[in-house]
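Read in full-length UniProt numbering, the sequence shown has 52 at position 52, and its numbers run on one by one without any break.
From the three backbone atoms N, C-alpha and C, an ideal C-beta is built for every residue, glycine too.
Some notes on the structure that comes next.
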Amino acid sequence: DGYAKSKIPLTLYNRYIYPRDGYAKRAIKRKVELDWGTEDDEYLQKVELHSEGALNEVRPDIIVYNAGTDILDGDPLGGLAISPQGIIKRDEIVFRAARRRGIPILMVTSGGYQKKTARIIADSIINLRRQGLIGGNEDGEVAEECVGGVPLVMSSSDSSPSSVSTGPAPNTI
1 DGYAKSKIPL
11 TLYNRYIYPR
21 DGYAKRAIKR
31 KVELDWGTED
41 DEYLQKVELH
51 SEGALNEVRP
61 DIIVYNAGTD
71 ILDGDPLGGL
81 AISPQGIIKR
91 DEIVFRAARR
101 RGIPILMVTS
111 GGYQKKTARI
121 IADSIINLRR
131 QGLIGGNEDG
141 EVAEECVGGV
151 PLVMSSSDSS
161 PSSVSTGPAP
171 NTI
């Protein structure tokens with residue numbers, strides 16, 4: 001089917017809370033099931049390994065990245081124990097993998113149920129900018145990046161697991 005040929009869903013999630021149906025689980029080509037309380041070292045190692053692996057399987061036209069923050073330690077839904085620094089590093093890993101290959105990336109937000117989540121998302125975006133992984137020029141102006149004339153929009157979070165997920169463009173990861 002066209003879906004399977006043009007997209008490689010990759011998701012890292014707490015196996016005990018997501019997904020709750022077999023159809024969704026079967027649609028995820030690269031499942032990375034995590035245990036309750038998974039911490040930074042294990043999580044970041046798996047993010048790097050599996051995002052690199054997925055991008056070695058296919059070269060997408062665009063990456064739609066659902067950068068969830070319900071993985072944050074203490075989140076009432078996610079059940080993982082990722083630090084704010086772990087979330088920032090995760091985003092950097094995904095953006096570096098995309099940029100190394102010259103693939104545009106769209107980062108979207110969802111989930112994250114703590115007051116500090118917004119600050120962590122902002123800190124991650126600031127880090128991505130400082131690392132040269134998102135727009136800007138020597139004057140600090142943000143460069144407009146487009147795919148087919150449509151501006152890319154930056155954001156970050158997720159109520160389901162953190163994931164590099166599918167989007168509407170053909171050949172999407």
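- E52 and R129 have their C-alpha atoms roughly 21 angstroms apart.
- Take the alpha-carbon of I63 and the one of I103: they are about 7 angstroms apart.
- Contact between the segment 76-96 and the segment 40-54 is present, with at least three C-beta pairs closer than 8 angstroms.
- Three or more beta-carbon pairs separated by less than 8 angstroms link the segment 65-78 to the segment 109-127, which places the two stretches in contact.
- Where R30 is concerned, the enclosing beta strand (DSSP E) starts and stops at 30-34.
- Taking a C-beta distance under 7 angstroms as the contact criterion, A81 and D73 qualify as a contact pair.
- Here E33 is near R15, since their CB atoms are less than 7 angstroms apart.
- In the DSSP assignment, the residues bridged to Y13 are E33.
- Excluding five sequence positions before and after T38, the CB atoms of its chain that fall closer than 6 angstroms to its own CB belong to L80, given in chain order.
- Residue burial annotation: L49 is exposed, with fewer than 16 other C-beta atoms found within 10 angstroms of its C-beta.
- Per the coordinates, the alpha-carbon of T11 lies some 17 angstroms from the alpha-carbon of G86.
- Contact between R101 and L133 fails: their C-beta atoms lie close to 13 angstroms from each other, not under 8 angstroms.
- Taking S83 as the centre and dropping the five residues before and after it, the same chain places the C-beta of D40, D73 closer than 7 angstroms to its C-beta, in chain order.
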